[in-house]
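J.:
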Amino acid sequence: MSMLEVNNLKKVYVTHFGSNKVKALDNVTFNVDEGEFVAVMGESGSGKTTLLNILASLDKPTSGEVRLEGKNIAMLSESEISAFRRQNLGFVFQDFNLLDTFSIRDNIYLPLVLSGKKLDYMQKKLEPLAKMLGINDILDKFPYEVSGGQKQRAAVARAVITDPKLILADEPTGALDSRSADELLRLFNKINNQGQTILMVTHSTKAACSAKRVMFIKDGRVFHQIYRGENTYEEMYQKISQILTLLATGGDRDE
Ligand SMILES: Nc1ncnc2c1ncn2[C@@H]1O[C@H](COP(=O)(O)OP(=O)(O)OP(=O)(O)O)[C@@H](O)[C@H]1O
């Protein structure tokens, strides 16, 4: 059984009092195994955010199902959803989503506080994590006192401190300079090598190169997938660029 199973997922947005329908996802089917690191790419408007929102249980599909470890998340009631999200998912966003009135340490503790964990438990969880992420020195600072790269590392700590089954990342390198972006990708590789499953939406070819699989979405459908396998970084970069060119020029993969 895969960790994440997405079956025939459809999402139709109905706008203008029902007169206008946008098919954002059109029969998306894919699986993610435990320990995978998957990048999702596609043109603007192809349906990536819609997919991520449904996986995050922030939105419901029009039809189809999403199973996390066999459990269909579309069937969860409103009251079950936030606990489910807290217990199973970790989020890393482009804009970090840290609270400015909390120290970095308290931001990282937040999901554990919400699950009712004790302080000594939180301290024990944070210690190795802060070391691995290189954020020991900034734990008592506030988000506005640290760099973008440091904020993003704190956001990664907050995402992984609950030992989530799956990390969902939305353009995690989008707001970072290239050095901080490289650092973040190295960290993602590190936590992935330790067994953490990651699904990351990105526009960055470089970011996608660090994933083990790249899935391309076009017009709400899975268009193509590339596995890193034995490919070198350069080969991977080239293959991704080719598919992105194909998507931009409206070409068909099988032509
Ligand atoms: N709330 C909404 N109501 C109506 N249409 C929407 C809504 N959200 C997204 N759409 C439409 O659904 C389609 C997919 O949008 P989505 O935001 O998922 O694309 P995306 O691939 O994430 O784009 P980007 O890379 O620009 O963020 C687009 O045509 C978009 O205009």
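According to the UniProt record's numbering, the sequence shown is numbered sequentially starting from 1. Idealized CB from N, CA, C, for every residue including glycine.
Exposed or buried, T15, counting other C-beta atoms within 10 Å across all chains shown (16 or more means buried)?
T.: That one is exposed.
J.: Taking 8 Å as the threshold, find out whether the segment 166-178 comes into contact with the segment 188-203 through three or more Cβ pairs.
T.: Segments in contact, yes.
J.: Along the beta strand (DSSP E) that carries G64, what are the first and last residues, could you check?
T.: Counting along the chain, the beta strand (DSSP E) containing G64 begins and ends at S63 to L68.
J.: Just how far apart, CA to CA, sit A157 and L126?
T.: If I take the Cα positions, the gap works out to 8 Å.
J.: Give the range of the beta strand (DSSP E) segment to which N136 is assigned.
T.: Per DSSP, N136 belongs to no beta strand (DSSP E) and is neither H nor E.
J.: List in chain order: all unbroken beta strand (DSSP E) runs of 3+ residues lying wholly within the segment 154-223.
T.: Here the runs fully enclosed are 166-170, 197-201 and 213-218.
J.: Pull up the DSSP beta-bridge partners for T245, would you.
T.: DSSP, once it has assigned bridges, lists no residue as partnering T245.
J.: Specify, as a first and last residue, the run of the beta strand (DSSP E) that A24 falls within.
T.: N20 to V32 is the extent of the beta strand (DSSP E) around A24.
J.: Does the beta carbon of A24 fall short of 7 Å from some heavy atom of ligand 1?
T.: Checking the Cβ of A24 against ligand 1 gives yes.
J.: Relative to the C-alpha of P128, which candidate in T249, I161 and K141 has its C-alpha closest?
T.: Comparing Cα-Cα distances from P128 to each of T249, I161 and K141, the minimum goes to I161.
J.: Between T62 and ligand 1, is the CB less than 7 Å from at least one heavy atom?
T.: Outside the cutoff, so no.
J.: Please classify M41: does DSSP put it in a helix, a strand, or coil?
T.: DSSP places M41 in strand when its eight states are reduced to three.
J.: Just how far apart, CA to CA, sit M132 and E234?
T.: Rounded to the nearest angstrom, the two C-alpha atoms are 28 Å apart.
J.: How long is the line joining the alpha carbons of A248 and E43, rounded to whole angstroms?
T.: Answer to the nearest angstrom: the Cα atoms are 7 Å apart.
J.: Thinking just about the alpha-carbon of each residue, which of H224, R228, N192 and K10 is nearest to the one in G251?
T.: When each option's Cα is compared against that of G251, the closest is H224.
J.: Skipping 5 residues on each side, what residues in its chain have a beta carbon closer than 7 Å to that of L52?
T.: Here the set comprises L168, D170 and V201.
J.: Could you have a look at E255 and say whether DSSP puts it in helix, strand or coil?
T.: The predicted position of E255 is uncertain, since its pLDDT is 41 and thus under 50; no value can be drawn from it.
J.: Would you say the beta carbon of T173 comes nearer than 7 Å to a heavy atom of ligand 1?
T.: No, Cβ of T173 sits at least 7 Å from all heavy atoms of ligand 1.
J.: Tell me which residues share the same chain as E255 and place their Cβ nearer than 8 Å to its Cβ, disregarding the 5 neighbours each side in the sequence.
T.: Reliability of the predicted coordinates at E255 is poor, the pLDDT of 41 falling under 50, and the value obtained from them is presented with this limitation in mind. Counting only Cβ-Cβ distances below 8 Å, and skipping sequence neighbours, we find nothing.
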